[in-house]
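In my numbering, the protein residues as written are 3 to 404.
Think of the CB as a built atom: it goes at the ideal place given N, C-alpha and C, for glycine as much as any other residue.
Since this is a predicted model, take the numbers as computed values, not measurements.
Here is the structure we will look at.
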Amino acid sequence: MLATLSLQHLLAMFGATVLVPILLGVDPATVLLFNGIGTLIFLVLCQWKVPAYLGSSFAFIPPALTIIPAYGYGAALGAFIASGIIFILLALLIRKTGTAWVPVVFPDAAMGAIVAIIGLELAPTAAKMTGLTEAGPDLVTLGIVALTLAVMVAGMTVCRGFLRIIPLILGMVAGCAASALLGVAVFDSVVAAPWLSVPTLYTPAFAPAALIIIVPASIVVFVELIGHLKVTGTITGRDLMKDPGIEPVLLGKGISTVISGFFGSTPNTTYAENIGVMAITRVYSTQVLAGTALIAIAISFCGKVPAAIRAIPGPVMGAVGLLLFGVIAASGIRMLIDARTDLSQSRNLVLVALILGIGVSGASVNIGLADLRGMALSTVVAVVLGVFFFVSDRVGWGSVDK
C-alpha cells in the first residue's frame, strides 16, 4: 500500500520535473537523484511534519536559459547554489524578525504577475520544441502535437480520480505511441541503454552575471513556498505555518538546493501536483513522500530511464510544455484572484501592468556583465515598487485610492 501511494506521487510530478533537465540539456537521472535526496533532507529538517515532495523548480529556468549559452551550465549551478544560500539566510532572518515584512517586500499583486511571466517566457521555448514555429510544419508533426494536447486536456477535464493528476504522463504516452507508429520516434537507444548507470555529475562555477540574473528567481520561489505550505496546511487540517513553521521549511529548501547545485542538479521546490495527490487520496503521511524520494533515487541509477526521457520526441515534449507553461501563467493569475487583488486600486494596477509589460517586452537593463530581462528584471521592479509604496505610506504620502 505504501509503495503504491509513493508511486502515485512520483507519477504526478514526473512529467513536469523531467521537462526541466530536457530544457537545460542535462542528465534527467541527475535531477531525479537530487530531487529524491533533497526531499529526504527537507522531510528530516521539517521534523517529518510537512508532507511534500521537492521537484525541479521552473522559476529558475528562464534566467538559466539566458545564462547557459554565454557562460555554460556550470555558471548556472553556481547561481543555484547562491539561491540556496539565500533561502538559508531567509530562514535565519525570519527566526529573528518574523514574517510581517514579507507582504511589504513581496506584494501579492507583484508575485502573481511574476509567476505569470515565468509561464509566458517559457511558452515560446515549448512552441519551438514542437516544430510549429517553422514555416509550414508537416501534418504528422501537427497531428502528434494535437493528439498529445487532446489527451492531456481530456485528462484534466474528463478523467476522474488519480488519472486527473497525471495528464502530462497520459499525454506523453499517447504522443510517444503515435510517434512510434508514424515512424517519427525511434526508441532503439532505450533498448541499447544499460539497466544500471551512474547519474552524470556537473561542476559548478561562479560568474557575477549568472548570480545577478538567476538569484532574483529565489524571491518568486520563496513566495510560492509559503503559498504551498498554507495550502498543504489547509488540506491536512494543521497549521504548518506555526508547527513546524516557515523557518525549517526554508532551511530544508535551501540546504537541498545547495547540495543539488554542488553536484549538478537544479533547484528544488514543493510541487502542487503532489498536493493534489494528497487532496485526492487523503493520505498525508510523510513516510509516503519519503518512499517517493527513495523510488526517484533508485530509478536514477537505471540507465533506461534517462534514455527513455531523452527519446521523447520534440513535438510531444513541446506540447507538454505548451500546456504546462500555460498552466504556470494561469496560476499567476489565480494568485491575484486568491489574494483578492483589487486592480481598481492604482498601486495594484501599476504593479501588475509594469511587471507584465516589462516581463514580456524584451526590455533589458545592463548591470556590469549581466543583462537583466524578463522575469529577473520584473522581480527587481516589483521589490523596488513594493518598498517604495511602503515608505510612501510611512512618510505620509498615502494613496489616492484610500
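At a Cβ-Cβ threshold of 8 Å, V307 and I301 count as neighbours. The stretch 314-333 makes contact with the stretch 118-128, as at least three CB pairs between them are under 8 Å. DSSP, read as helix, strand or coil, puts T272 in strand.
The distance from the Cβ of L338 to that of A111 is about 7 Å, consistent with a contact at the 8 Å cut-off. The three-state reading of DSSP puts I314 in coil, since its state is none of H, G, I, E or B.
W50 is positioned such that its CB atom lies no closer than 8 Å to that of T234. If you look at I369, you'll find it in the beta strand (DSSP E) that goes 366-369. Taken in chain order, the complete beta strand (DSSP E) segments of 3 residues or longer contained in the stretch 36-116 are 56-58. In the structure shown, the three-state DSSP call for R336 is helix. Cβ neighbours of T259 within its own chain (closer than 8 Å, five residues either side excluded): G40, F82, I83, S85, G86, F89, P269, N270. Take the alpha-carbon of V153 and the one of L227: they are about 30 Å apart. Taking each of G305, T150, G361 in turn and checking the Cα distance to S181, the smallest one comes out for T150.
Assignment of L144 by DSSP, reduced to helix, strand and coil, places it in the helix class. Residues G320 of the same chain have their beta carbon placed closer than 8 Å to that of K130, with the five preceding and five following residues left out of the count. Boundaries of the alpha helix (DSSP H) harbouring E226: 219-238, taken from the DSSP string. Pairing G177 with V318 gives a Cβ-Cβ distance under 8 Å.
Between the alpha carbons of L91 and L253 lies a gap of roughly 8 Å. In the three-state reduction of the DSSP assignment, L374 falls in the strand class, which pools E and B.
By the Cβ rule, the stretch 50-64 does not count as touching the stretch 93-112, because fewer than three pairs are nearer than 8 Å.
Non-local C-beta neighbours of V290 in its own chain, meaning closer than 8 Å and more than five positions away in sequence, comprise L4, L7, S8, H11, P53, ordered along the chain. Between A115 and L358 a beta carbon distance of about 5 Å is seen, short of the 8 Å cut, so the two are scored as contacting. If you check the CB distance, L172 and G185 do not come in under 8 Å. Around E275, the same chain offers A14, M15 as residues with beta carbons nearer than 6 Å, after the five sequence neighbours per side are excluded. In chain order, I360, G361, A365, S366, V367 place their CB closer than 8 Å to the CB of L379, counting only its own chain and leaving out the 5 sequence neighbours on each side.
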